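J.: Have a look at the structure that comes next, please.
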Amino acid sequence: RIDVPAGVLADPHAPATADNGTGARERPAVRPGETPAGPARNFLIIGTDSAVGLDDDDPAAHRDRTASAALADVIMLLRLDPGLRRASLVSLPRDLYVPIWRGGVPVREEKIASSLLVGGMEQGAPTLVETITNNFGVPIHNFVVMDFHGFEAVVDELGGVPAWFPYPVRDVGSGLNEPYGGCTLLDGQESLAFVRSRKIEGYFDGRWRRVGVWNDLERNQRQQSFMLMAMERAIDKGARSVLARNDLIEAGAATVVLDDRLTLRTLLDLGRAFSSFKPDDLDRYVLPVIDDSVGNSSVLRLGDNASRVFDVFRGTALQTEDVQVSVVDGRGVDDEAVPPTVHLGRHGFSVDMRTGPIAARTTIRAAIDDYEAAVLLGRFVRSVPVFDFRDDLGLEPGTVELRMGTDFTEFLTEPRTYEATDAIARDYLPGVLMEQAAKPAPRRALQDDDPTTTTTTTTTLPPEEPTTTGAPEESTTTTLAPEESTTTTTLPPDETTTTLAPDEETTTTTLPPEESTTTLAPEEEVTTTTLADELLPAEPTTTLAEGETIEEITPEPDPDAYNLPPILDARPPAGVKC
Numbered sequence: 035r036i037d038v039p040a041g042v043l044a045d046p047h048a049p050a051t052a053d054n055g056t057g058a059r060e061r062p063a064v065r066p067g068e069t070p071a072g073p074a075r076n077f078l079i080i081g082t083d084s085a086v087g088l089d090d091d092d093p094a095a096h097r098d099r100t101a102s103a104a105l106a107d108v109i110m111l112l113r114l115d116p117g118l119r120r121a122s123l124v125s126l127p128r129d130l131y132v133p134i135w136r137g138g139v140p141v142r143e144e145k146i147a148s149s150l151l152v153g154g155m156e157q158g159a160p161t162l163v164e165t166i167t168n169n170f171g172v173p174i175h176n177f178v179v180m181d182f183h184g185f186e187a188v189v190d191e192l193g194g195v196p197a198w199f200p201y202p203v204r205d206v207g208s209g210l211n212e213p214y215g216g217c218t219l220l221d222g223q224e225s226l227a228f229v230r231s232r233k234i235e236g237y238f239d240g241r242w243r244r245v246g247v248w249n250d251l252e253r254n255q256r257q258q259s260f261m262l263m264a265m266e267r268a269i270d271k272g273a274r275s276v277l278a279r280n281d282l283i284e285a286g287a288a289t290v291v292l293d294d295r296l297t298l299r300t301l302l303d304l305g306r307a308f309s310s311f312k313p314d315d316l317d318r319y320v321l322p323v324i325d326d327s328v329g330n331s332s333v334l335r336l337g338d339n340a341s342r343v344f345d346v347f348r349g350t351a352l353q354t355e356d357v358q359v360s361v362v363d364g365r366g367v368d369d370e371a372v373p374p375t376v377h378l379g380r381h382g383f384s385v386d387m388r389t390g391p392i393a394a395r396t397t398i399r400a401a402i403d404d405y406e407a408a409v410l411l412g413r414f415v416r417s418v419p420v421f422d423f424r425d426d427l428g429l430e431p432g433t434v435e436l437r438m439g440t441d442f443t444e445f446l447t448e449p450r451t452y453e454a455t456d457a458i459a460r461d462y463l464p465g466v467l468m469e470q471a472a473k474p475a476p477r478r479a480l481q482d483d484d485p486t487t488t489t490t491t492t493t494t495l496p497p498e499e500p501t502t503t504g505a506p507e508e509s510t511t512t513t514l515a516p517e518e519s520t521t522t523t524t525l526p527p528d529e530t531t532t533t534l535a536p537d538e539e540t541t542t543t544t545l546p547p548e549e550s551t552t553t554l555a556p557e558e559e560v561t562t563t564t565l566a567d568e569l570l571p572a573e574p575t576t577t578l579a580e581g582e583t584i585e586e587i588t589p590e591p592d593p594d595a596y597n598l599p600p601i602l603d604a605r606p607p608a609g610v611k612c
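Quick note on the numbering used here: the sequence shown kicks off at 35 and runs consecutively.
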């Protein structure tokens, strides 16, 4: 664990009891069989490029830095809201150029990935937390740090992660080498090569071709996609059951470094709250950025509407203009200088109003999916009202009902904070169903007791979010539709036999691929299919000279070959089960 200085991590606000305006406090009763869901949390997921613990034959072990020197290779914000069973994810590009903060002050401007170098591992993660909080206004409640070895261990604990490629793929720099199209099971080492890949090539129409535009934004989307693939694998391995899920969480926690506040109990509680969560329900966001340069270094800066993405992780994504308020006036007041419709309309709400029976308590009613709209309205009510969250209220989606009671005092000109209102409203959400306490048991293999098949990935973006500045093909929001990947013919396994000469080594020498011949009708022409595997003579093998790095000899695809669409998702297409 990493000890975090005071004031760096935000405190998850505990649900508070409601104040009815007279100083009396009350807490709604928890229903039988449920426990309070708890507050929303922002997790900072840090994947470092530390190679400590890797085997010598691991492609990721050979770098131009010492094994322990680490940059932030992956930076993700994950917001988990157990009350709403909602999860949101965004990746921060490692080349984002920002002021680096430490000890409450900016120390220098640099790429955000270098934050871990300020103070080493013990202070690097808190430095990255400070940098994100101060630059983007996003509170971080907990963080998780995982190096290469830990990542591989988690994947191997799952027994590998199934993936699907439309054609053979490789990346000489990361060590990715999948010689067949179609389904494959990625082990820890292969999974690491996939998520770290920046320069994927595909073997298509008899040659290696560049896949995508080779930037970090594509890589970020592949990393997010891999998280979904790993979640699906965990579900297939029985993670819906309490014993299997707890085993998996405990095993995962043992392979990562956590902040000193994050307990195993908290992780288990979150696992219970999200036990029925579907991976496709994960809201994924792409941060708009623009290309820039500092000296001779290429960097990224925040683009327009980036704040709208961060609003999701602040809990303030919803705007008053998005909320319809139905006011039911039960105060018994006939004469009023400024009616509620005017007060709320000034703040941007759309309002309709009718008179109802006299009520003692002011109440905000909404469907559970409109929780954030109810909290937004509650921020403008002087005496914090009672909340009623149910899906059987008969309200239209996006509509919140304000029942004004005799305890109502006034509307606020400036709203109270989201955190203050959310802390009260959250108590009125349905709790998390309690599970039967499991008897202590020895670690066991996960069972396939709850297979779940998911086939599509949903990418959620802000409505006006622009794509990254660059060439037309550099759109960061392109997603391969299933039909774009299933039209590619994959090669059968029986075409892989190649014989080596006695003095040839497979690591340095390649042989011409074999040809597979099809029996022809008299009028047909002979067609030959070429298999792309590790023995294909795509480019000659080069021995590294002292001081050279793999990037300096990475073979470029044929410049005359057209680019293939980016592989943003290695999940099987619809109808395919790997």
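Backbone N, C-alpha and C define an ideal beta-carbon position, used for all residues, glycine too.
These numbers come from a predicted model, not from an experiment.
1) Which value, in whole angstroms, describes the spacing of the CA atoms of residue 437 and residue 422?
2) Assuming residue 106 contacts residue 84 under a Cβ cut-off of 8 Å, what Cβ separation, rounded to an integer in Å, is found between them?
3) Could you tell me the boundaries of the alpha helix (DSSP H) in which residue 257 lies?
4) Counting only runs of 3+ residues fully inside the stretch 417-457, write out the beta strand (DSSP E) ranges in chain order.
5) Count the C-beta pairs between the stretch 452-461 and the stretch 409-421 that are closer than 8 Å, then say yes if the count reaches three, no if not.
6) If we count Cβ pairs, one from each stretch, closer than 8 Å, do we get three or more for the stretch 177-193 versus the stretch 204-218?
7) Is it buried or exposed for residue 269, if we count other Cβ within 10 angstroms and need 16 for buried?
8) Please confirm whether residue 204 and residue 232 have their CB atoms less than 7 Å apart.
9) According to DSSP, is residue 76 helix, strand or coil?
10) Considering only the alpha carbon of each residue, which of 600, 79 and 335 lies closest to residue 246?
11) If you follow the alpha helix (DSSP H) that residue 355 is in, where does it begin and where does it stop?
12) Thinking C-alpha only, which one of 221, 309, 464 and 131 is nearest residue 277?
13) Closest to residue 377 by C-alpha separation, out of 317, 146 and 443, would be which residue?
14) Quick one: grab the DSSP three-state call for residue 496.
15) Can you look up residue 608 in the DSSP assignment and give me helix, strand or coil?
16) Just mark residue 157 as buried or exposed, buried being the case when its beta carbon has 16 or more other beta carbons within 10 Å.
17) Suppose contacts are defined by Cβ-Cβ distances below 7 Å. Is residue 78 in contact with residue 174 by that definition?
18) Rounded to a whole number of angstroms, what is the C-alpha to C-alpha distance between residue 146 and residue 113?
19) Between residue 81 and residue 226, what straight-line distance do the alpha-carbon atoms span, to the nearest angstrom?
20) If I measure Cβ to Cβ from residue 328 and keep anything under 7 Å in the same chain, skipping five residues before and after, which residues do I get?
21) Determine the closest residue to residue 293 out of 148, 160, 41 and 124, with distance taken between C-alpha atoms.
22) Mind checking which residues open and close the beta strand (DSSP E) that includes residue 216?
23) Please classify residue 504: does DSSP put it in a helix, a strand, or coil?
24) Reducing DSSP to helix, strand and coil, say where residue 183 ends up.
25) Pull up the DSSP beta-bridge partners for residue 363, would you.
26) Closer than 7 Å by C-beta to residue 149: which residues in its own chain qualify, once you throw out the five before and the five after it? Chain order, please.
27) Note down, in chain order, each residue of its chain lying with its Cβ closer than 7 Å to the Cβ of residue 391, except the 5 sequence neighbours on either side.
28) In whole angstroms, give me the CA-to-CA distance for residue 284 and residue 74.
29) Taking C-beta to C-beta, are residue 202 and residue 194 nearer than 7 Å?
30) Which whole-angstrom value is the C-beta distance of residue 255 and residue 602, which I expect to be below 8 Å?
31) Closest by CA to residue 336, which one among 35, 117 and 128?
32) In whole angstroms, what separates the C-alpha of residue 137 from that of residue 46?
33) By the 10 Å Cβ neighbour count, where 16 or more other Cβ atoms means buried, how is residue 396 classified, buried or exposed?
34) Please report the straight-line C-alpha distance between residue 350 and residue 389, rounded to a whole angstrom.
35) Hey, residue 408 and residue 432 are a contact pair by Cβ (cut 8 Å); roughly how many whole angstroms apart?
36) For the alpha helix (DSSP H) holding residue 303, just list the boundary residues, first then last.
T.: A quick look at the data gives this:
1) 11 Å
2) Contact doesn't hold; Cβ gap of about 10 Å is too wide.
3) 250-270
4) 420-423 and 433-438
5) yes
6) no
7) buried
8) In terms of Cβ geometry, residue 204 and residue 232 do not form a close pair [threshold 7 Å].
9) strand
10) 600
11) Note, residue 355: premise wrong, no alpha helix (DSSP H); not H, not E.
12) 309
13) 443
14) Here residue 496 scores only 42 on pLDDT, less than 50, and its place in the model should not be relied on; the value that follows carries that caveat. Residue state, collapsed to three classes: coil.
15) coil
16) buried
17) yes
18) When only Cα atoms are considered, residue 146 and residue 113 end up about 20 Å apart.
19) 11 Å
20) 131
21) 160
22) 216-220
23) Residue confidence for residue 504 is low, a pLDDT of 38 falling below 50, so the modelled location carries little weight; the figure read from the coordinates is stated next. If DSSP states are grouped into helix, strand and coil, residue 504 belongs with coil.
24) helix
25) According to DSSP, residue 363 bridges with 389 and 438.
26) 106, 134, 158, 161, 162 and 165
27) 364
28) 22 Å
29) no
30) 4 Å
31) 128
32) 21 Å
33) buried
34) 31 Å
35) Wrong, their Cβ atoms sit about 11 Å apart, outside the cutoff.
36) First-last of the alpha helix (DSSP H) with residue 303: 298-307.
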